[in-house]
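According to the numbering used here, the sequence shown holds residues 8 to 277 in order. Note that CB positions come from ideal geometry on N, CA and C, so glycine has one too. Note that this is a predicted model, so its numbers are computed, not measured. Some notes on the structure that comes next.
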Amino acid sequence: MSDLPGRLVLLGHPVAHSLSPVFQNAALAAAGIPLVYEALDVAPGDLKSMMGLLADARAAGNVTLPHKESVYAWCVRRTAIAERVGAVNTFWSEADGLVGDNTDVGGFTYAVERLLGRRPEGLRVGMLGAGGAAAAVCAAVEQWPDSQVHVHARTRERAEQLAARFAGVAHVVESEMHTVRGMDLLVNATPLGLDGALMPIAPGSIPDATAVLDLTYRRGRTPFVKACRARGLRADDGLPMLVEQGALAFERWFGAAPDREVMWRAIRAP
Ligand code: NAP
8 MSDLPGRLVL
18 LGHPVAHSLS
28 PVFQNAALAA
38 AGIPLVYEAL
48 DVAPGDLKSM
58 MGLLADARAA
68 GNVTLPHKES
78 VYAWCVRRTA
88 IAERVGAVNT
98 FWSEADGLVG
108 DNTDVGGFTY
118 AVERLLGRRP
128 EGLRVGMLGA
138 GGAAAAVCAA
148 VEQWPDSQVH
158 VHARTRERAE
168 QLAARFAGVA
178 HVVESEMHTV
188 RGMDLLVNAT
198 PLGLDGALMP
208 IAPGSIPDAT
218 AVLDLTYRRG
228 RTPFVKACRA
238 RGLRADDGLP
248 MLVEQGALAF
258 ERWFGAAPDR
268 EVMWRAIRAP
């Protein structure tokens, strides 16, 4: 760890709600790394100048909404998986500029393994939403043997574009019901269900055999996940994906694994 980044940042807009500084700073302290992980609220119009400052500072970091595609374009190189998703959530500095990766894909696969208790294989996945997180889900499903994802989104054109990009594994379906009927796993890749006002789909309509992974998260589980669990479904929220994408990013920055237990303890602390 001799070549530490000059700064370690999270770029987003907004970022005040993010839990990433909580568990990344706990992991940095536990590893004795003298850096502070800073959440930077960067409006889209300020991103260009910020990327220049970060390159000069030999920075590394994470990227969240709405900057993942823009930072992708700013990187001089990207890993194959970032190229596949078309978005960067993790970056670091090399001699010729910023290099981008996407650890959301690995984070998602980890969350599915944790929920199902086995490696994902031969899975029929239904997905609500067709945005950036949905692209990471499709890239993950593409890596799993013999698996398919059935996508429904309120903007059908977006679902069709996503399915065309991942033509080997992704198909558009007409209604929400087609994302649960006969499916092993339902993924909520919309922001719905986070505040409890609107659910992405009625929990009562999800078959008993369908596990639910809600990509949204909050401390103490989302109302959607609570409602799914209350009716006996296997269900989890986006925290395992969040922590794992952060742990994988830490490995990219420092070449060593963080203490994942320390990260979880920081998240669970009141
Ligand atoms: P995004 O690119 O903005 O895409 C959001 C998707 O949800 C789009 O398909 C959008 O449809 C749809 N949507 C938004 N509001 C809706 C509504 N009221 N009704 C129905 N559909 C709606 O966002 P994203 O980056 O994919 O993120 C989606 C969620 O995943 C967010 O809650 C985010 O926090 C979460 N996430 C979690 C992790 C993690 O590590 N756990 C990682 C990434 C993202 P339109 O195209 O019609 O707007």
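Reduced DSSP category for residue i - H, G, I as helix; E, B as strand; rest coil
i      : result
Val148 : helix
Met8   : Note that Met8 scores a pLDDT of 44, beneath 50, so its modelled location is shaky; the value from the coordinates is reported in the next line. Correct three-state label for Met8: coil.
Glu131 : In the sequence as presented, Glu is not what sits at residue 131; that position holds Arg. Here Arg131 sits in strand by DSSP.
Asn109 : coil
His24  : coil
Tyr224 : coil
Leu123 : helix
Leu17  : strand
Ala263 : coil
Val43  : coil
Val49  : coil
Ala242 : strand
Sequence-distant residues of its chain with Cβ nearer than 6 Å to residue i (five each side left out)
i      : result
Gln252 : Thr110, Asp111 and Gly114
Val83  : Asp103 and Gly104
Met8   : Because the pLDDT at Met8 is just 44, under 50, the model does not fix this residue reliably, and the point stays unresolved.
Gly13  : Ala64, Arg65 and Ala66
Pro207 : Leu135, Asn195, Thr197, Leu199 and Gly200
Leu246 : Tyr224
Pro127 : Val119 and Trp151
Ala90  : First, the residue type needs correcting, since residue 90 is Glu and not Ala in the sequence shown. Taken in chain order, the list of residues that qualify is empty.
Met248 : Gly114, Phe115 and Ala118
Cβ shell of residue i (< 8 Å), same chain only, five flanking positions each side left out
i      : result
Gly93  : Glu76, Tyr79, Ala142 and Arg172
Met58  : Val78, Trp81 and Leu105
His4   : With the chain covering 8 to 277 only, the question about residue 4 has no answer from this structure.
Arg163 : Val179
Ala23  : Ala46 and Asp48
Asp266 : Ala34, Ala37 and Ala38
Ser25  : Leu17, Gly19, Ala46 and Thr71
Arg241 : Leu122, Leu123, Ala218 and Val219
Gln168 : Ala137
His74  : Leu18, Gly19, His20, Val49, Pro51 and Leu54
Contact set for residue i: own chain, Cβ-Cβ below 7 Å, skip 5 residues either direction
i      : result
Val156 : Val132, Met134, Val144, Cys145, Val148, Val176 and Ala177
Residue i CB to nearest heavy atom of the ligand NAP below 7 Å
i      : result
Pro198 : yes
Ala34  : no
Tyr224 : yes
Gln252 : yes
Ala264 : no
Asp243 : no
Met5   : Since the displayed the chain opens at 8 and closes at 277, residue 5 lies outside it and no answer follows.
Ala140 : yes
Met270 : no
Gly203 : no
Gly136 : yes
Thr162 : yes
Gly7   : Residue 7 falls outside the range modelled here, since the chain spans only 8 to 277, and no answer is possible.
Asp108 : no
Met248 : yes
Asp48  : no
Leu255 : no
* Asked: Unbroken alpha helix (DSSP H) runs of length 4 or more, entirely within the stretch 52 to 107: which are they?
  -> If you keep only unbroken alpha helix (DSSP H) runs of at least 4 residues inside the stretch 52 to 107, you get 54 to 63, 75 to 81 and 87 to 92.
* Whole runs of the alpha helix (DSSP H) within the stretch 180 to 221, excluding any shorter than 4 residues -> Whole alpha helix (DSSP H) segments, 4+ residues: zero.
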